[in-house]
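Here is the structure we will look at, set down as structure tokens.
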Amino acid sequence: MSAAGVMGPPDAGGHFGPFGGRFVPEALMPACLELDAAFRDAWGDASFVAEYHSTLREFGGRPTPVTYLGRLSERLGVEVYAKREDLAHTGSHKINNVVGQALLTRRMGKTRVIAETGAGQHGVATATAAARLGLACTVYMGEVDTERQSLNVFRMELLGASVVPVTSGSRTLKDAVNEALREWVTCVADTHYCIGSVMGPHPFPWMVREFQSVIGVEAAGQLREFGVETPDFVVACVGGGSNAAGVFAGFADSSAQLIGVEAAGGSAVGLGTPGVLHGMRSLLLQDDHGQIEEAYSISAGLDYPGIGPEHAHLADVGRARYVAVGDDVVIGALQLLSELEGIIPALETAHAVAWLARAAGDEVPRGSTVLLNLSGRGDKDVAQVRSILRGES
Amino acid sequence: MTTLDQRLREVRGGQKALVPYFIGGLTPDWTNYVAAAIHAGADVIEVGVPFSDPMMDGPVIQEGALRALRANATLESICHEVSVAAFDVPVVIMTYFNVLHHFGLARSADLLATSGVAGVIVPDLALEELEPWREHASASDVATILMVAPSSPVDRVQRIGELADGFVYAAARMAVTGRSNDVGDARRVVEMVRAATTTPAYVGIGITTPDQARDAAALSDGVIVGSALVQRILDGETASDVESAVRSFRRALD
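Written out as structure tokens, the structure is:
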């Protein structure tokens, strides 16, 4: 477990400062309370924690390495180390969370998981963990996204999951969350809702951060092997914010500056205001009447109009800083990392690279040491990148 | 005790209450539908203030909310229309918490009270986050109506009973709003509510036909009918068509 400190547990009601909480219908409150108790019990049980770590080791590809990015460092004039979540099973950090939640589902005696997904990464990871543990799995995905990401729909089906296209609202990620919550009301007795990020009602934001904190804990130890006691900066992209929360957790009580990089069109910290959505109080993109606005980003994984409540709190108290980069610089950053380091990052991850490339020598002084959380690999994005580079979209 | 509590105790000399639900701003003449429903024997009117992400609503009310939002319905515009219409039965607003949160809790409670709204149903506000909203609402004599679900354990129902204003919304099933074929778990839920409080229990979620309404009312103090009526308005029925429909529910209850 992460130590108490800047990123300690929330209060008993799941609040991080004024953010978080549990804003769900009465029908779901008993399940949220049950999950809170079950997670506290499991996370304090050495045998559960051991099974979580052994599953990530044998099945999930952990520990992922830290790689010194020599050529990028030379180009930018800063020392860049990458935590390689792109090398984890299913190609991103998502596996850390779904393995934890799938094991917890089984421990609670439930036999089925449901999940929301945007581009399909969390859906594929959930279907993967469900297959491994013999759980039934249904994934809710906006109809627009099922068309844009039809290969991921097929992957989930290969893994034995059913994919339900969501036709309500904007037919994208936020509507998939709505539909998964609606479905959860009807099947909560035997089904766990495996939320994909540090969002939703308590205990999800805290639980998902705990399952992702393996990233930061591992990275801190690995950096020491490179002789880096504390990096000057820890940089991660932020949609809901699970990879960032996971890596920040390893450095929250150090002197490292924590930087979350949002997509300019989905910048909940930069453009949002406090509000309540999907069971949590956080910063949200909303209009003058409190209607939620649609986020837009070149990367589907950052296409969410809110941010996890703990990030809203870290921004509020000034422990982490949230910056935004526009779509225009993301493709260039993806090319930069590909050509200099032989790593094709996910478009989400490329946001963090883009910020670093812009900030190096300026906000990030020459000679600084930077840990970049390389949250996912770019295989899923290559068709989109190709059509952009060919001027087709 | 709020004014709504007192008014509901006078409903039909102890007869069953009928609570139709309409979406504010769904059509330009939506208050005519409300007036027609009152003429047909509605005891309380539930008015939905649309929200972009209605997690407790099924497809019918989602569609209605989307149409109302496209027509620029807001908390303020709907409260204004309620105020102008000055209906002679109590009006309760149903909306999601972000709408009130964004407008400001004290300001929302004041707006509701000055518009003549007697209470609110906020389905994503459970006991755990109820304060400070309830404090502001109580100070403005606006009832906060709470829900009990089939999944609610007895100790929670007890706490809900202690805090309940107006009526308790007894959810007949583990589902979001929408049509269905029976009264689900209504009996068990109402029994839990009655063991906890003397506040009236009205059954909602899936009450689609007059026959179901009769069955649910026989177990409880009243029924809430939403999607079945909203569907008619989405289908283009007139206020007088909806008045006939409400009258058939009224007859079933009496």
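So the sequences go chain by chain: A and B. When the letters of the first sequence are read in order and numbered with the working numbering, they come out as residues 9 to 401. When the letters of the second sequence are read in order and numbered with the working numbering, they come out as residues 23 to 276. Quick reminder that beta carbons are idealized off the backbone N, C-alpha and C, glycines included.
Simplified DSSP assignment, three categories, for residue i
i	result
residue 23 of chain A	strand
residue 81 of chain B	helix
residue 169 of chain A	coil
residue 45 of chain B	strand
residue 330 of chain A	strand
residue 377 of chain A	strand
residue 11 of chain A	A caution first: residue 11 of chain A carries a pLDDT of 48, below 50, which makes its placement in the model unreliable, though a value can still be read off. Residue 11 of chain A: coil per DSSP, three-state reduction.
residue 265 of chain A	strand
residue 64 of chain B	coil
residue 221 of chain B	coil
residue 276 of chain A	helix
residue 180 of chain A	coil
residue 35 of chain B	helix
residue 293 of chain A	coil
residue 271 of chain A	strand
residue 56 of chain B	helix
residue 188 of chain A	helix
residue 87 of chain B	helix
residue 298 of chain A	coil
residue 368 of chain A	strand
residue 161 of chain A	helix
residue 193 of chain A	helix
residue 314 of chain A	strand
residue 70 of chain B	strand
residue 29 of chain A	coil
residue 6 of chain A	Residue 6 of chain A is absent from the model: chain A starts at 9 and stops at 401.
Residue i classed as buried or exposed, judged by whether at least 16 other C-beta atoms fall within 10 angstroms
i	result
residue 194 of chain A	exposed
residue 26 of chain A	exposed
residue 283 of chain A	buried
residue 73 of chain A	exposed
residue 400 of chain A	exposed
residue 104 of chain A	buried
residue 397 of chain A	exposed
residue 44 of chain A	buried
residue 386 of chain A	buried
residue 159 of chain A	exposed
residue 199 of chain A	buried
residue 166 of chain B	buried
residue 52 of chain A	exposed
residue 28 of chain B	exposed
residue 174 of chain A	buried
residue 10 of chain A	Its pLDDT being 45, under 50, residue 10 of chain A is placed unreliably by the model, and nothing is read from it.
residue 394 of chain A	exposed
residue 108 of chain B	exposed
residue 23 of chain B	exposed
residue 222 of chain B	buried
residue 20 of chain A	exposed
Range of the contiguous beta strand (DSSP E) that encloses residue i
i	result
residue 245 of chain A	241 to 246
residue 145 of chain A	144 to 150
residue 229 of chain B	Looking at the DSSP string, residue 229 of chain B is not in any beta strand (DSSP E), and its letter there is neither H nor E.
residue 244 of chain B	244 to 247
Residue i - containing alpha helix (DSSP H), residue span
i	result
residue 2 of chain A	An answer regarding residue 2 of chain A cannot be provided, because it is not within the stretch 9 to 401 covered by chain A.
residue 271 of chain B	261 to 275
residue 390 of chain A	390 to 397
residue 178 of chain B	176 to 185
residue 208 of chain A	From DSSP, residue 208 of chain A is part of no alpha helix (DSSP H); its letter is neither H nor E.
residue 48 of chain A	37 to 51
residue 318 of chain A	317 to 325
According to DSSP, residues forming a beta bridge with residue i
i	result
residue 201 of chain A	A/122
residue 288 of chain A	A/285
residue 50 of chain B	For residue 50 of chain B, which the question treats as bridged, DSSP gives no partner whatsoever.
residue 304 of chain A	The partner list for residue 304 of chain A (beta bridge, DSSP) is empty, contrary to what the question assumes.
residue 353 of chain A	A/385
residue 227 of chain A	According to DSSP, which records beta bridges pairwise, residue 227 of chain A is partnered with nothing at all.
residue 166 of chain B	B/142
residue 361 of chain A	Answer by DSSP bridge pairing: none, since residue 361 of chain A is not bridged.
residue 254 of chain A	Answer is none; residue 254 of chain A lacks a bridge partner.
residue 256 of chain B	Per DSSP, none; premise fails for residue 256 of chain B.
residue 174 of chain A	A/150
* Asked: Which full runs of the beta strand (DSSP E) of 3+ residues lie inside the region 61 to 136 of chain A, going along the chain?
  -> 74 to 76, 87 to 92, 120 to 125
* Any alpha helix (DSSP H) of 4 or more consecutive residues that is wholly inside the region 189 to 216 of chain B -> none
* Start-end ranges of the beta strand (DSSP E) lying completely within the region 105 to 158 of chain B, minimum 3 residues -> 113 to 116, 141 to 143
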